[in-house]
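These notes are about the structure you will find just below.
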Amino acid sequence: MKLFLLVCLLGAAFAAKKKDQSRCQSVMKKAGLSKEFAKHVSHAIHSLTIEDIKMYFNKNVGEDNNIPVVNPMLRDEPRVLDNAPYMNYDEEFVTDGMKHFDVIMKGVNMDGWRLTAFELLERLSHVYHMSEIWAAAGKVY
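This is the structure we're talking about:
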């Protein structure tokens, strides 16, 4: 629920009119949120999957989760999905690291799939970097 609220706040921040921005900034400051809040939230959620949400945030999340993410098929429309998708992680793996590794390796030769300009090591580093962010956020959540 908290993650959903963060996403709502992010959307509200983008939709705010100029005069409302000062009021919004005041509320955010009182709450201890930085001016970079929207950037941090969008970075934290951009590649979440349902499996990741279940692992780190909410075991009961479903397909209609209202968490916008970048379409992993980068050249396909829509560019931003309305809901974090299932990635069909191989459940034979015990750790999230191996599940993420497997997804990257399965898609490594697919045209237009995830981080197309990145080399393999960068793709792997990205998914592990995001896992670190989610693990830290999940402790607070």
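Be aware that the sequence shown starts at 3, since it is given in this note's numbering, and climbs by one per residue.
A virtual CB, placed ideally from N, CA and C, is assigned to each residue, including glycine.
Bear in mind that the values here come from a model prediction, so they are computed numbers and not experimental data.
A contact between stretches requires three or more CB pairs, one per stretch, nearer than 8 Å, and the segment 88 to 96 fails this requirement with the segment 115 to 135. At the C-beta level, residue 70 and residue 84 come within 8 Å of one another. Under the three-state reduction of DSSP output, residue 89 falls in the coil class, being neither helix nor strand. By the beta-carbon neighbour count (other beta carbons within 10 angstroms, threshold 16), residue 59 is buried. Using a 10 angstroms sphere on the CB of residue 141, the tally of other CB atoms stays under 16, which defines it as exposed. Closest option to residue 47, judged by alpha-carbon separation, among 104, 23, 82, 100: 82. The C-beta of residue 53 has 16 or more other C-beta atoms within 10 Å across all chains shown, which makes the residue buried. By the CB criterion at 8 Å, residue 132 and residue 49 fall inside the cutoff. Under the DSSP definition of a beta bridge, residue 35 lacks any partner. In the DSSP annotation of this structure, the continuous segment of the alpha helix (DSSP H) that includes residue 105 starts and ends at 98 to 109. Counting other Cβ atoms within 10 Å of its Cβ, residue 56 stays below 16 and is therefore classed as exposed.
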